[in-house]
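Visitor:
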Amino acid sequence: MNPKQIKNKNLEPDEYFGEDIYEPPSNGYIAATLAISLILNFIPFHEDVAVFRPDFVAIVIIYWAVNYPHKMGMSIAFCMGLMMDVANAGILGQHALAYCIAVYLTLILGRRLRIFSLVQQAPQVGFILLVMQIVIALVAASGGTDLPAWPYYFAAVTGSLLWLPVSLMLRAPLRQRSDPNAL
Numbered sequence: 060m061n062p063k064q065i066k067n068k069n070l071e072p073d074e075y076f077g078e079d080i081y082e083p084p085s086n087g088y089i090a091a092t093l094a095i096s097l098i099l100n101f102i103p104f105h106e107d108v109a110v111f112r113p114d115f116v117a118i119v120i121i122y123w124a125v126n127y128p129h130k131m132g133m134s135i136a137f138c139m140g141l142m143m144d145v146a147n148a149g150i151l152g153q154h155a156l157a158y159c160i161a162v163y164l165t166l167i168l169g170r171r172l173r174i175f176s177l178v179q180q181a182p183q184v185g186f187i188l189l190v191m192q193i194v195i196a197l198v199a200a201s202g203g204t205d206l207p208a209w210p211y212y213f214a215a216v217t218g219s220l221l222w223l224p225v226s227l228m229l230r231a232p233l234r235q236r237s238d239p240n241a242l
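Residue 184 in the working numbering sits at position 125 of the sequence shown, and the numbers go up by one each step.
(1) What are the start and end residues of each continuous alpha helix (DSSP H) run of 4 or more residues lying completely inside the segment 168 to 209, in chain order?
(2) What residue from Phe-101, Phe-111, Leu-97 has the CA that sits closest to Leu-220's CA?
(3) Pair every Cβ in the segment 174 to 183 with every Cβ in the segment 203 to 212, then say whether three or more of these pairs are closer than 8 Å.
(4) Roughly how many angstroms lie between the CA atoms of Leu-189 and Ser-226, to the nearest whole one?
(5) Restricting to runs no shorter than 4 residues, where is the alpha helix (DSSP H) found entirely within the segment 107 to 135?
(6) Could you pull out every residue in the same chain whose Cβ sits closer than 8 Å to the Cβ of Met-191, ignoring the five residues on either side in sequence?
(7) With respect to the alpha helix (DSSP H) encompassing Leu-223, which residues constitute its N-terminal and C-terminal limits?
(8) Given a threshold of 16 other Cβ atoms within 10 Å of its Cβ, counted over all protein chains shown, does Asn-147 qualify as buried or as exposed?
(9) Drop a sphere of 10 angstroms on the beta-carbon of Pro-224, count the other beta-carbons inside from all chains shown, and report buried for 16 or more, exposed for fewer.
(10) For Val-125, which residues from the same chain have a beta carbon less than 7 Å from its beta carbon, with the 5 sequence-adjacent residues on both sides left out?
(11) Taking its Cβ as the centre, do 16 or more other Cβ atoms sit within 10 Å of Val-145, making it buried, or is it exposed?
(12) Who are the near neighbours of Arg-234 in its chain, counting only those whose CB is closer than 7 Å to its CB and skipping five residues on each side?
(13) To which residues of the same chain is Leu-99 closer than 7 Å at the C-beta, ignoring the five residues directly before and after it?
(14) Tell me Gln-153's beta-bridge partners as DSSP assigns them.
(15) Identify every residue that forms a DSSP beta bridge with Tyr-81.
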């Protein structure tokens, strides 16, 4: 619950501390969401539309790092990045490095991101995705390829636009904690 909602509802601390707290997700649920996002990244698109496709794995990793940082760390991000690199047959480690930097930035901005609403989080997530795109482009350029044209960075914009629906879909199966003080 963000500070505006607390102020508008005139809630006391004991009333709002437990309102938005969900049961922690199981490790199996997190693994399933990462596997689904990996599959979504591998779906082939036409070249004209592929420019706008966001990195679903990065969005899911950022979501778990924002909301449950104790369950999403650099090691999982690194492993997911290696899977992306192997599947893309690109430079081994470029997605792994980019995902680790994304998790690092998410952990740094984590407190700020958690107090904002999902709509207010979207531009900051877009910034993290843009930094990730730049890292991937620079690593690829160091391997001898040309820097991508500016439409390559549209994926960060579409990723920030998809932040709200993806966050709501990932949160939907989670249950709110039962009130331990209820009779």
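Note that the Cβ used here is the ideal one computed from N, Cα and C, for glycine as well.
Guide: The answer reads as follows:
(1) 169 to 174, 177 to 201
(2) Phe-111
(3) no
(4) 18 Å
(5) 115 to 126
(6) Asp-114, Ala-117, Ala-157, Tyr-158, Ile-160, Ala-161, Ala-215
(7) 222 to 230
(8) exposed
(9) exposed
(10) Thr-165, Gly-169, Leu-172, Arg-173
(11) exposed
(12) Tyr-81, Glu-82
(13) Phe-115
(14) Beta-bridge pairing links Gln-153 to no other residue.
(15) Gln-235
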